[in-house]
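Participant: Numbering (the numbering used here), first residue to last: 141 to 294. The beta-carbon is built from N, C-alpha and C at its ideal position, and this holds for glycine as well. Below you will find the structure I want to go over with you.
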């Protein structure tokens with residue numbers, strides 16, 4: 141199962157580059173992270189990092205990915221948002237602001253919930269996984285969508 145990671149905002153490419161460096165530093169994820177680039181905009185040199193694709197298979201890769209993404213988000217400052225897109229276009233959004241304030245127990249629960257949802261995110265379990273993600277979001281922030289209309293996983 142592949143997970144596509146997009147970043148939002150003016151410095152999206154820099155955030156993705158930072159996350160890519162973080163992910164390839166995790167032994168279980170080495171060789172599983174691919175950067176997809178877009179052609180440079182007119183008047184600019186070099187391609188623009190657009191998306192990270194992470195191949196999550198059996199074993200500890202899903203847990204390693206969940207831990208790494210949440211740990212990376214905790215190091216970010218400001219309004220950093222990433223979107224994880226699963227097979228079939230289903231997605232969830234994570235924000236640094238929501239993750240940074242978690243205590244150790246809440247962070248452990250978040251890792252477990254995210255890992256479980258991603259592990260079920262393959263072709264057979266996708267609908268169930270997305271339903272779980274929505275439940276996690278509702279429990280985590282009272283079902284608020286932050287004005288975006290999208291639920292956020294804390």
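Can you tell me whether DSSP reads residue 141 as helix, strand or coil?
Facilitator: Here residue 141 corresponds to residue number 1 of the chain shown, with the count starting at 1. Collapsing the DSSP output to three states places residue 141 in coil.
Participant: Express the C-alpha separation of residue 258 and residue 179 in angstroms, rounding to a whole number.
Facilitator: If you number the chain shown from 1, residue 179 lands on position 39. If you number the chain shown from 1, residue 258 lands on position 118. Near 30 Å, if we compare the C-alpha coordinates of residue 258 and residue 179.
Participant: Reducing DSSP to helix, strand and coil, say where residue 148 ends up.
Facilitator: The count along the chain shown starts at 1 and reaches residue 148 at position 8. Residue 148 falls in the strand class under three-state DSSP.
Participant: Would you say the stretch 161-179 touches the stretch 204-217, given that touching needs at least three Cβ pairs under 8 Å?
Facilitator: They touch, by the three-pair rule.
Participant: Within its chain, find whatever has a CB closer than 7 Å to the CB of residue 162; leave out the 5 residues flanking it on each side and keep chain order.
Facilitator: Residue numbering aside, residue 162 sits at position 22 when the chain shown is read from its first letter. Within the same chain, and ignoring the five residues on either side of residue 162 in sequence, the residues whose Cβ sits closer than 7 Å to its Cβ are 208 and 212.
Participant: Using CA coordinates, which residue listed in 181, 192 and 226 is at the minimum distance from residue 298?
Facilitator: Coverage of the chain is limited to positions 141 through 294, which leaves residue 298 absent and any answer about it impossible.
Participant: Quick one: residues in its chain with C-beta nearer than 6 Å to the C-beta of residue 240, no 5 flanking neighbours on either side, listed in chain order?
Facilitator: Looking up residue 240 in the chain shown gives position 100. Within the same chain, residue 240 has close Cβ partners 214.
Participant: Helix, strand or coil, according to DSSP, for residue 166 in the structure here?
Facilitator: Locating residue 166 in the chain shown gives position 26, where the first residue counts as 1. In the structure shown, residue 166 sits in coil (DSSP, three-state: anything other than H, G, I, E or B).
Participant: Could you compute how far the alpha carbon of residue 160 sits from the alpha carbon of residue 175?
Facilitator: Looking up residue 160 in the chain shown gives position 20. Looking up residue 175 in the chain shown gives position 35. If I take the Cα positions, the gap works out to 8 Å.
Participant: Leaving out five residues on either side along the sequence, give the residues of the same chain with a beta carbon under 6 Å from the beta carbon of residue 270.
Facilitator: The residue labelled residue 270 in the question sits at position 130 within the chain shown. With a pLDDT of 40 at residue 270, under the threshold of 50, the modelled position of that residue is not reliable, and no figure is offered here.
Participant: From residue 200 to residue 245, what does the alpha carbon distance come to, in whole angstroms?
Facilitator: In the chain shown, residue 200 corresponds to position 60, counting from 1. In the chain shown, residue 245 corresponds to position 105, counting from 1. Computed Cα separation, rounded: 21 Å.
Participant: Could you check the C-alpha separation between residue 156 and residue 254 for me, to the nearest Å?
Facilitator: Counted from its first residue, the chain shown places residue 156 at position 16. Counted from its first residue, the chain shown places residue 254 at position 114. Between residue 156 and residue 254, the C-alpha separation is close to 20 Å.
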